[in-house]
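Working notes for the structure below.
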Amino acid sequence: MNFALSDDQAAFRDAARDLFAKEMTPADVRAAAAAPAGELDRGVWASLDTMGVLALLVPEADGGLGLDESFLIPILEEAGRVALPHPLVESAMVAAPLVGAVGMVSSDLGGPNVACAADADRFLLKRGASLVLVERGDVSLTPLPTVDAARRAARVESGLAGRIVSSKKSVIELALDRGALGTAAMLVGLGEAMLDMTVAYVVDRHQFGVPVGSFQAVKHHLADARLALEFARPVVWRAAWSVAHDAPTRARDVSTAKAMASDAAELVARKALQCHGAIGYTVEADLHLFLKRTWALSRAWGDAAHHADRVVAALS
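Take 10 as the starting number for the sequence shown in our numbering and just add one per residue.
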């Protein structure tokens, strides 16, 4: 199994990386957290739409690109690198294959805290044994205070309005697996960003006349972080292949990826915070944006313990 990117996959990733470098800085993440409800800046979202990212998994017959998850995973990793506050996983990874590219979609499949709820155009909700697509005007929102304010989470309630997307258990399970897989990719990207920030910090900060990065203990922390990410990334890619090819081991592979990516990102977060010292906790430090997103996403779409249980069940 070759996990090297094809030319087309690399082109999508590079285009997303360039876009995020220009339009999604830490200042933009802070602005998202401070924006009034319904006023999230959609500049980067519109650019992703123009690039075709939101329709990557939409069948060609429905006006999409008809590609598979392996094209979206590297883009989601880049989105994690910049702590993108928009619901890209929910829209492009989960909703798009089911209902098409229908704008900014949020969902309660990943947990009761619905990310970007105040800004979504539509909601993909679990209602009983069915998935239902509900318009923004047909839901009531209860904003929730969460550790990551940039996710702009809320609890969503709807009446009987909405269009039933599917009542098939297999379709719902695939949607859950796609959400967990996409979140795992973002966690790897978050880990990479925190590691890069920490390496730059320990090289720049001096103590006793030398960079603190030259201390053996700091090197060990960073080596542990790098090792965890290097083990998690290929597992995420394997899970993407399993989803794209509907492999019989899909559920097991996705859960392995989400568990490992959650653990890896949380390990990197701890090491990054320790190497930064107390400054990492302050809102002035960009690191705190990535720490909070890691803590939120590691628990979204099932935490490591939940997915470890799924792996055990599959192996049994």
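By construction, the Cβ of each residue, glycine as well, lies at the ideal position given by its N, Cα and C atoms.
{"Check": "Span of the beta strand (DSSP E), counted from its first residue to its last, around A158", "Outcome": "Run containing A158: none; DSSP gives neither H nor E here."}
{"Check": "Counterpart residues of V275 in DSSP-defined beta bridges", "Outcome": "Residue 275 is actually Glu in this sequence, not Val. DSSP output for E275 lists no bridge partner at all."}
{"Check": "Extent of the continuous beta strand (DSSP E) run through L133", "Outcome": "131–136"}
{"Check": "Stretch pair the region 122–129 + the region 155–168: three plus CB contacts closer than 8 Å", "Outcome": "yes"}
{"Check": "Range covered by the alpha helix (DSSP H) that runs through L66", "Outcome": "Note, L66: premise wrong, no alpha helix (DSSP H); not H, not E."}
{"Check": "One or two residues paired with H215 in a DSSP bridge", "Outcome": "P220"}
{"Check": "Option in N122, I173, A158, F240 with minimal Cα separation from G137", "Outcome": "I173"}
{"Check": "Pairwise C-alpha distance: A193 and A248", "Outcome": "10 Å"}
{"Check": "Bounding residues of the alpha helix (DSSP H) (the contiguous stretch that carries S56)", "Outcome": "52–60"}
{"Check": "Same chain only: Cβ atoms within 8 Å of T155, ignoring 5 sequence neighbours per side", "Outcome": "N122, A162, A305"}
{"Check": "Exposed unless 16 or more other CB atoms sit within 10 angstroms - verdict on D147", "Outcome": "exposed"}
{"Check": "Residue range of the beta strand (DSSP E) that includes P152", "Outcome": "148–152"}
{"Check": "One or two residues paired with E166 in a DSSP bridge", "Outcome": "S149"}
{"Check": "Rounded C-alpha distance that separates A43 from M195", "Outcome": "22 Å"}
{"Check": "G119 beta carbon less than 8 Å from that of G188", "Outcome": "yes"}
{"Check": "Beta-carbon gap between S167 and V143 smaller than 8 Å", "Outcome": "yes"}
{"Check": "Exposure label - T34; buried when at least 16 CB within 10 Å", "Outcome": "exposed"}
{"Check": "C-alpha gap between N11 and A241, whole angstroms", "Outcome": "16 Å"}
{"Check": "Alpha-carbon spacing of S175 relative to G75, whole angstroms", "Outcome": "20 Å"}
{"Check": "Distance CB(L236)-CB(V208) smaller than 8 Å", "Outcome": "no"}
{"Check": "Chain-order list of residues whose beta-carbon lies under 8 Å from that of G47 (same chain, five-residue window excluded)", "Outcome": "A127, D128"}
{"Check": "Exposure label - A13; buried when at least 16 CB within 10 Å", "Outcome": "exposed"}
{"Check": "C-beta contact flag for A370 and K280 at 8 Å", "Outcome": "A query on residue 370 cannot be resolved here, the shown segment of the chain reaching from 10 to 325 and no further."}
{"Check": "Beta-carbon spacing of A184, L134 below 8 Å", "Outcome": "no"}
{"Check": "Beta carbon of S264 nearer than 8 Å to that of S307", "Outcome": "no"}
{"Check": "4 or more residues per run - each alpha helix (DSSP H) lying fully within the region 226–298", "Outcome": "259–285"}
{"Check": "Residue from L238, D295, V321, L169 with nearest C-alpha to V91", "Outcome": "D295"}
{"Check": "Three-state secondary structure assigned by DSSP to E144", "Outcome": "strand"}
{"Check": "C-alpha gap between D255 and S79, whole angstroms", "Outcome": "13 Å"}
{"Check": "Through-space distance from W250 to G6, alpha-carbon basis", "Outcome": "Nothing about residue 6 can be read from this structure; the chain reaches only from 10 to 325."}
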